[in-house]
DNA sequence: TTCTTATATGACTATACAATCATATATGCC
DNA sequence: GGCATATATGATTGTATAGTCATATAAGAA
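Residue numbers (this note's numbering), protein chains in the order written: chain A, 1 to 107; chain B, 108 to 214.
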C-alpha cells in the first residue's frame, strides 16, 4: 500500500512543521478566523494563509466562510492525539538524554 | 515554546515520509538489521541507511550493534499510535469524500 | 461607486530533502 | 594480511518547502 503511504505521509506532514504546530495549538479551543490566527501565532498573514490552505487541502482542517471572514478548525480529534503523543516522545527523549548526562558526569 | 515546537516538528517529520513509514511498518514486529530492512521495503541500501540515521538522530529509533550488523527498532510505542491515528484520519477522509461524490451523483 | 477589511495568490529566494552512485569504514573469517 | 559482507557517507542532482513582498480578489460599509 505505497500509495496509501503517500497520503499518510501528507497527513503527518500537515503537522510536522513548527508554524503549523502553532496553528494546531491555537485551534485547540476551536474554530478561529485567519485574522485571529496569524497575530496569535506571530506569523505573516500570507504565510499563515498558505499553511492553512495546505492543512485544509490535506484534510486536517475544515474551512467555513462567513462574510469576509474564513474560519478554520481542526477536523479530526486524532490531530491533537498525534501532537500529544509526539510531545510525550520529546519529553521522554529529553529525560533519557539528561539521565545519560548525569551518568556520564558521575564518571 | 517555539523551540519545543521545532523538536516536536522533527519527531513528526521522522514519520512524515513514505519511505520512513515503510520502515516503521516493517519494524512493527520488532528489531531488525539494515540488511533485512532495505530489501523488505524495496529501497536502496544507502537511502535506507540515511533514513534510519535520520530517525535515530531524532529519537524515534534505537540502534544496536552486533558484529557487523546494526539493529534498529522503534523506541517509543507512541510512534505506532501516531501512525495508527494518521491512518484513521486518512480512512475517514476517504469515506467523507466518497460520500460527497455519492451525494453529488444523486443531484 | 468608492473605501476598507479579510483572505488568497503570483513571483521570487533561500534552504532542506530524497534519491542515486561511487566509495569509505568496520567487522569477522580465511 | 587479504577477502567478503554490512553499513555509512561524500558528492551530486532534482524537487519540494518556507517565507517574503507585492498585488489580486471578495465582501461589506459608507
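We put the beta carbon where it would ideally sit given N, CA and C, even for glycine.
Computed from a predicted model, the values in this text were never measured in an experiment.
If we ignore side chains and look at the alpha-carbon of each, how far apart do residue 13 of chain A and residue 151 of chain B end up?
If you number the first chain from 1, residue 13 of chain A lands on position 13. If you number the second chain from 1, residue 151 of chain B lands on position 44. Whole-angstrom Cα-Cα distance: 23 angstroms.
Looking at residue 185 of chain B and residue 89 of chain A, is the spacing between their C-beta atoms short of 7 angstroms?
In the first chain, the residue the question calls residue 89 of chain A occupies position 89. In the second chain, the residue the question calls residue 185 of chain B occupies position 78. The answer is yes: Cβ separation under 7 angstroms.
Rounded C-beta distance between residue 8 of chain A and residue 15 of chain A? I'm assuming under 8 angstroms.
In the first chain, counting from the first residue as 1, residue 8 of chain A sits at position 8. In the first chain, counting from the first residue as 1, residue 15 of chain A sits at position 15. With 8 angstroms as the limit, residue 8 of chain A and residue 15 of chain A do not qualify as a contact, their Cβ atoms being about 12 angstroms apart.
According to the neighbour-count rule (16 or more other Cβ atoms, all chains shown, within 10 Å of its Cβ), is residue 182 of chain B buried or exposed?
Translated into positions along the second chain, residue 182 of chain B becomes position 75. Burial call: buried.
For residue 131 of chain B versus residue 177 of chain B, is the C-beta spacing smaller than 7 angstroms?
If you number the second chain from 1, residue 131 of chain B lands on position 24. If you number the second chain from 1, residue 177 of chain B lands on position 70. Contact: no.
For the beta strand (DSSP E) containing residue 91 of chain A, list its first residue and its last residue.
Stepping through the first chain from its first residue, residue 91 of chain A is reached at position 91. For residue 91 of chain A, there is no enclosing beta strand (DSSP E); the enclosing alpha helix (DSSP H) has its first and last residue at 78-105.
Please look up how many angstroms separate the CB atoms of residue 11 of chain A and residue 58 of chain A, rounded, as I've assumed it's under 8 angstroms.
As a working note, residue 11 of chain A is residue 11 in the first chain. As a working note, residue 58 of chain A is residue 58 in the first chain. So it is a contact: roughly 6 angstroms between Cβ atoms.
What's the gap between the Cα of residue 137 of chain B and the Cα of residue 86 of chain A?
Along the second chain, read from residue 1 onward, the residue named residue 137 of chain B stands at position 30. Along the first chain, read from residue 1 onward, the residue named residue 86 of chain A stands at position 86. Whole-angstrom Cα-Cα distance: 20 angstroms.
So, is the C-beta of residue 114 of chain B closer than 7 angstroms to a C-beta in chain A?
Locating residue 114 of chain B in the second chain gives position 7, counting from the first residue. Judged by the 7 angstroms Cβ criterion, residue 114 of chain B is in contact with chain A.
Within 7 angstroms (strictly less), CB to CB, does residue 172 of chain B reach chain A?
Taking the second chain and counting its residues from 1, one reaches residue 172 of chain B at position 65. Output row for residue 172 of chain B: interface = no.
Between which two residues does the beta strand (DSSP E) containing residue 173 of chain B stretch?
Counted from its first residue, the second chain places residue 173 of chain B at position 66. 168-173 is the span of the beta strand (DSSP E), which, as asked, contains residue 173 of chain B.
With burial defined as no fewer than 16 other Cβ atoms inside 10 Å of the residue's Cβ, what is the status of residue 201 of chain B: buried or exposed?
To locate residue 201 of chain B, count along the second chain from 1; it is residue 94. The residue in question, residue 201 of chain B, is exposed, as its Cβ has fewer than 16 Cβ neighbours within 10 Å.
Can you check whether the CB of residue 169 of chain B is closer than 7 angstroms to the CB of residue 180 of chain B?
What you label residue 180 of chain B is simply residue 73 of the second chain in a count that begins at 1. What you label residue 169 of chain B is simply residue 62 of the second chain in a count that begins at 1. Their beta carbons are under 7 angstroms apart, which means residue 180 of chain B touches residue 169 of chain B by this criterion.
Enumerate in chain order the residues of its own chain whose CB-to-CB distance from residue 147 of chain B is below 6 angstroms, with the five nearest sequence positions on each side excluded.
Here residue 147 of chain B corresponds to residue number 40 of the second chain, with the count starting at 1. So the list reads 133, once near-sequence residues are dropped.
For the stretch 17-30 of chain A, which residues have a CB atom closer than 7 angstroms to at least one CB atom of chain B, in sequence order?
17, 18, 21 and 22
DSSP state of residue 123 of chain B, grouped into three classes?
Walking along the second chain from the start, residue 123 of chain B turns up at place 16. The answer is coil: DSSP assigns residue 123 of chain B none of H, G, I, E or B.
Residues of chain B with a CB under 7 angstroms from the CB of residue 11 of chain A: which are they?
Position 11 of the first chain, counted from the start, is the residue given in the question as residue 11 of chain A. The answer, in chain order, is 193, 196 and 197.
For the beta strand (DSSP E) that residue 69 of chain A lies in, which residues bound it at each end?
Reading the first chain from its first residue, position 69 is the one you call residue 69 of chain A. Where residue 69 of chain A is concerned, the enclosing beta strand (DSSP E) stretches over 69-74.
Could you tell me which chain A residues have their CB closer than 7 angstroms to the CB of residue 189 of chain B, listed as they occur along the chain?
On the second chain, residue 189 of chain B is found 82 positions in, with the first residue counted as 1. Correct list: 82, 85 and 86.
Would you mind stating whether residue 155 of chain B and residue 167 of chain B have Cβ atoms separated by less than 7 angstroms?
Residue 155 of chain B sits at position 48 when you count from the first residue of the second chain. Residue 167 of chain B sits at position 60 when you count from the first residue of the second chain. It is not a contact, given that the beta carbons lie outside the stated cut-off.
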